[in-house]
């Protein structure tokens, strides 16, 4: 049995060195890479469930473990994936005045990288087939991108515009405070603990703490048979609004980071774009979508029920990016405006969008989380300062949501509401991935954000379960 396990481990570790060998089909090796990512996601999800943790946590950790091993083995594609922003910076510096070797050395001299990172990147970029490695790194990340927009699309399906507008004043107040207070606390703690960080970096870290992972909290309430608690309804309602406000905040912050400066006029323009985009999407749903679906059905027939939602997902993701917002804002909006009643004339009675699109999301979303783990520099945790920063930001991430819980009106268990909003989960990982891809989060801060996600995801379920039991006991006494 032990021999079998060692053999499997050897295969997993050695095959990545050969899966990118050239063959007849230039994409064949990428299919094999996706196979290993899916297997890794399955193993991580299984182990997480055995430990009574969300699958996303297992997928992330398995990515960290395998990514670290391959990175230390100097796997070229793994190096390219982890340092894609630096690679693209080098490629942007390429000119006719310098040879490629001179360009690489010149870029490395001007980037503040650790010596071991410089050595690894130089080895990859100066190899004869570096374009080959970069090509495969981008292909794998493309699959990962499908995962994140499909995930946000599925979240949007659970958030209808009419429900959003009718969430109630209490949920709205809790949500607004639940975004603003972690943002402010996260910004100042980052400035305090990391004074050399730029203003954009501090702003982005603060924004990352704003959203709530509704999936993790909902699962705890469901497993505890507590979805009927008024606190559960308030938490889930506030978490939905949190996601929307968080996406708007992300759009604004990403725009500031991309422009490279903080200006009142620029901020107003980005905020206007975000609000106008969501407003136009709402108007499209209210006045145009049914007619558009009917015309589309003339061409697509019964396939309209699958083709139209996925097509709208891709279109709005591109549109959001084209106007300077994050693609996930468009993906979320696409899910939010799709309702099954619009397709009554072209779908079978038993069909649902979740049944058609859900399986695709269940394949690609875990790939995204494994890939996020691939990009975590686990050696950063050996730096006590990084750990201290991570713990400090985790504390304010928790505190910010508890403050929001105390904004709930009288009659609610304020601690239960606040703690229910704590987990960042997949939402925090998505924010971190955008921060890394834009270059605003370096390896250290990316690791810090991942640490915050892991800790807030781990501490919430036991705390929430204890409070739910207390609340249920109080209800039982009142009924008696």
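In our numbering, the protein residues as written are 192 to 671. Glycine included, C-beta positions come from ideal geometry on N, C-alpha and C.
Q. Whole-angstrom Cβ separation of residue 239 and residue 275, contact assumed at under 8 angstroms?
A. In the chain shown, the residue the question calls residue 239 occupies position 48. In the chain shown, the residue the question calls residue 275 occupies position 84. In fact, because the Cβ distance is near 27 angstroms, the residues do not count as touching under 8 angstroms.
Q. With respect to the alpha helix (DSSP H) encompassing residue 500, which residues constitute its N-terminal and C-terminal limits?
A. Translated into positions along the chain shown, residue 500 becomes position 309. For residue 500, the enclosing alpha helix (DSSP H) begins and ends at 495–513.
(Q) Which complete alpha helix (DSSP H) runs does the segment 241–313 hold, if anything under 4 residues is left out? (A) Runs found: 246–263, 267–273, 275–283 and 291–301.
Q.
Quick check on the burial criterion: 16 or more other C-beta atoms within 10 angstroms. Buried or exposed for residue 211?
A. By one-based count along the chain shown, residue 211 stands at place 20. Residue confidence for residue 211 is low, a pLDDT of 48 falling below 50, so the modelled location carries little weight; the figure read from the coordinates is stated next. So residue 211 counts as buried.
**Q.** Three-state secondary structure (DSSP) of residue 435
**A.** Residue numbering aside, residue 435 sits at position 244 when the chain shown is read from its first letter. Look at residue 435 here: in three-state DSSP terms it is helix.
(Q) For residue 381, report the span of its alpha helix (DSSP H) as first-last. (A) Walking along the chain shown from the start, residue 381 turns up at place 190. Where residue 381 is concerned, the enclosing alpha helix (DSSP H) stretches over 360–384.
Q: Work out the CA separation of residue 499 and residue 487 for me, nearest whole Å.
A: The sequence position of residue 487 within the chain shown is 296, counting from 1. The sequence position of residue 499 within the chain shown is 308, counting from 1. For residue 487 and residue 499, the distance between alpha carbons rounds to 8 angstroms.
(Q) Just to confirm, is the Cβ distance from residue 526 to residue 347 under 8 angstroms? (A) Counting from 1 along the chain shown, the entry for residue 526 is found at position 335. Counting from 1 along the chain shown, the entry for residue 347 is found at position 156. Annotated as proximal: residue 526 and residue 347, with beta-carbon spacing under 8 angstroms.
Q) How many whole angstroms separate the CB atoms of residue 342 and residue 645, which I take to be in contact at a CB cut-off of 8 angstroms? A) Position 151 of the chain shown holds residue 342. Position 454 of the chain shown holds residue 645. Separation of the CB atoms of residue 342 and residue 645 is rounded to 18 angstroms, and the pair is thereby denied contact status at 8 angstroms.
Q: For the alpha helix (DSSP H) holding residue 581, just list the boundary residues, first then last.
A: Here residue 581 refers to the residue found at position 390 when the chain shown is read from its first residue. Note, residue 581: alpha helix (DSSP H), 575–596.
Q) If you drop the 5 nearest sequence neighbours on each side, which residues of the same chain put their C-beta closer than 8 angstroms to that of residue 650? A) Here residue 650 corresponds to residue number 459 of the chain shown, with the count starting at 1. Listed in chain order, the non-local C-beta contacts of residue 650 below 8 angstroms within the same chain comprise 589 and 613, local neighbours out to five positions each way being set aside.
Q. In three-state terms, what does DSSP make of residue 629?
A. As a working note, residue 629 is residue 438 in the chain shown. Under the three-state reduction of DSSP output, residue 629 falls in the coil class, being neither helix nor strand.
Q. Any contact of the segment 241–259 with the segment 293–304, i.e. 3+ C-beta pairs under 8 angstroms?
A. These segments do not touch.
**Q.** Buried versus exposed call for residue 602 [16 or more other C-beta atoms within 10 Å across all chains shown]
**A.** For the purposes of this step, residue 602 is taken as the residue at position 411 of the chain shown. Around the beta carbon of residue 602, fewer than 16 other beta carbons lie within 10 angstroms, which makes this residue exposed.
Q) What residue range is occupied by the uninterrupted alpha helix (DSSP H) comprising residue 557? A) If you number the chain shown from 1, residue 557 lands on position 366. Here the alpha helix (DSSP H) through residue 557 covers 544–565.
Q: Would you kindly work out how many angstroms separate the C-alpha atoms of residue 467 and residue 442, rounded to a whole number?
A: Start at 1 with the first residue of the chain shown, and residue 467 comes out as number 276. Start at 1 with the first residue of the chain shown, and residue 442 comes out as number 251. So the two alpha carbons sit approximately 12 angstroms from each other.
Q.
Just to confirm my understanding: we take residue 520, look at its own chain, exclude 5 residues before and 5 after, and list those with CB closer than 6 angstroms. What are they?
A. Within the chain shown, residue 520 is the residue found at index 329, counting from 1. Here the set comprises 438, 442 and 511.
Q: Classify residue 281 as buried or exposed, calling it buried when 16 or more other Cβ atoms lie within 10 Å of its own Cβ.
A: In the chain shown, the residue the question calls residue 281 occupies position 90. Flag for residue 281 reads buried.
Q: Thinking residue 580 and residue 385 are a contact (beta carbons under 8 angstroms), I'd like their distance in whole angstroms, please.
A: Residue numbering aside, residue 580 sits at position 389 when the chain shown is read from its first letter. Residue numbering aside, residue 385 sits at position 194 when the chain shown is read from its first letter. Between residue 580 and residue 385 a beta carbon distance of about 6 angstroms is seen, short of the 8 angstroms cut, so the two are scored as contacting.
Q: Using 10 angstroms around the beta-carbon of residue 370, count the other beta-carbons present and answer buried if the total reaches 16, otherwise exposed.
A: Numbered from 1 along the chain shown, position 179 holds the residue referred to as residue 370. Answer is buried; the Cβ neighbour count reaches 16.
Q. What's the gap between the Cα of residue 497 and the Cα of residue 591?
A. As a first step, residue 497 must be located in the chain shown, where it is residue number 306. As a first step, residue 591 must be located in the chain shown, where it is residue number 400. Going from the Cα of residue 497 to the Cα of residue 591 covers about 40 angstroms.
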